[in-house]
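Residue numbers (our numbering): 217 to 513.
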């Protein structure tokens with residue numbers, strides 16, 4: 217099956233600034249692909265090149281098998297991080313406007329279906345400027361998906377959502393994947409990326425630093441993390457521990473290569489009452505911080 221997106225040796229500069237540096241990436245069809253990285257790392261620039269908003273200085277980008285400037289324009293939709301709706305318009309009218317831009321004819325039934333699905337049917341005749349932030353975000357999302365695109369690109373779709381609406385968006389995205397759609401989304405929420413994504417890609421200072429399934433990424437780091445809760449003693453100065461992070465209810469110990477977890481457990485038991493001791497792989501949040509925060513080293 218042809219990949220949804222193929223990026224090969226792409227570089228994009230803005231004046232003296234290199235935003236994306238020799239990037240290669242393949243997004244399989246029918247998957248959820250998460251883009252992560254610090255602010256200014258090149259995520260949004262990459263998404264905009266996939267959308268043909270920007271052209272690369274070097275390299276090639278194929279979208280749904282097409283390399284041309286107008287590649288698959290009605291088969292791809294984009295929800296930008298900077299939200300923008302026509303505020304004086306009614307909800308159903310602004311969604312219809314975006315649907316017709318994508319070539320839909322008589323989209324009313326599809327609009328009604330999505331409004332019901334996103335729990336917005338009661339607001340169909342409201343003006344956009346009468347909506348809450350969360351409701352406006354739902355309208356933006358519906359506007360991006362109502363035309364039944366093959367590739368859906370979402371830039372920070374979960375930003376600012378409360379837990380109830382976050383769950384609603386999550387279910388909608390999973391349903392789209394079940395229907396065979398490919399979804400690329402960027403996020404700063406590592407828990408969402410872990411829960412939703414088939415693949416995770418991290419870009420840092422314009423360069424790819426992670427790319428693969430969560431299991432494969434975590435396996436590359438190994439079981440180098442201990443989660444510990446100790447009563448009556450200190451965790452400072454343990455042999456074999458590279459870093460101690462306090463999360464309040466428990467602490468995480470990052471082990472040096474070759475450290476013996478059982479020796480550390482014995483020492484902890486000597487110091488106090490061990491209420492929790494778990495050896496695990498680092499989560500995506502920890503991996504992100506290790507790469508992106510120089511103070512972490």
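C-beta atoms are modelled at their ideal positions from N, C-alpha and C, and glycine is treated no differently. This one's a predicted model, so the numbers in the text were calculated from it and none came from an experiment.
- Taking every protein chain shown into account, the CB of residue 230 has fewer than 16 other CB atoms within 10 angstroms, so this residue is exposed.
- The C-alpha of residue 352 lies about 40 Å from the C-alpha of residue 443.
- Within the segment 375 to 408, the complete alpha helix (DSSP H) runs of at least 4 residues fall at 379 to 394.
- Per DSSP, residue 468 is one residue of the beta strand (DSSP E) stretching across 467 to 471.
- By the criterion of a C-beta distance shorter than 6 Å, residue 257 is surrounded in its chain by 419, 420, once the five residues flanking it on both sides are discounted.
- It is roughly 44 Å from the alpha-carbon of residue 503 to the alpha-carbon of residue 305.
- Counting only runs of 3+ residues, the beta strand (DSSP E) found wholly inside the segment 350 to 378 occupies 367 to 371, in chain order.
- For residue 507, the three-state secondary structure derived from DSSP is helix.
- In the displayed model, residue 457 falls within a strand according to three-state DSSP.
- Following the DSSP letters along the chain, one finds residue 478 inside the alpha helix (DSSP H) bounded by residues 477 to 487.
- Here residue 365 is buried, its C-beta having at least 16 other C-beta atoms within 10 Å.
- Counting C-beta atoms within 10 angstroms of its own C-beta, residue 463 has fewer than 16 neighbours from the protein chains shown and is therefore classed as exposed.
- Between the alpha carbons of residue 355 and residue 245 lies a distance of about 26 Å.
- Assignment of alpha helix (DSSP H) within the segment 257 to 345, counting only whole runs of 4 or more residues, yields 259 to 266, 307 to 317, 324 to 333 in chain order.
- For residue 224, there is no enclosing alpha helix (DSSP H); the enclosing beta strand (DSSP E) covers residues 221 to 230.
- Residue 338 and residue 373 have their alpha carbons spaced roughly 22 Å apart.
- When C-alpha distances from residue 238 are compared across 423, 497, 498, 445, the shortest belongs to 423.
- Contact fails between the segment 328 to 347 and the segment 269 to 285, because fewer than three Cβ pairs, one in each stretch, are under 8 Å apart.
- Secondary-structure assignment with DSSP links residue 500 through no beta bridge to anything.
- Between residue 291 and residue 367, the CB-CB gap stays under 8 Å.
- The Cβ atoms of residue 336 and residue 307 sit closer than 8 Å to each other.
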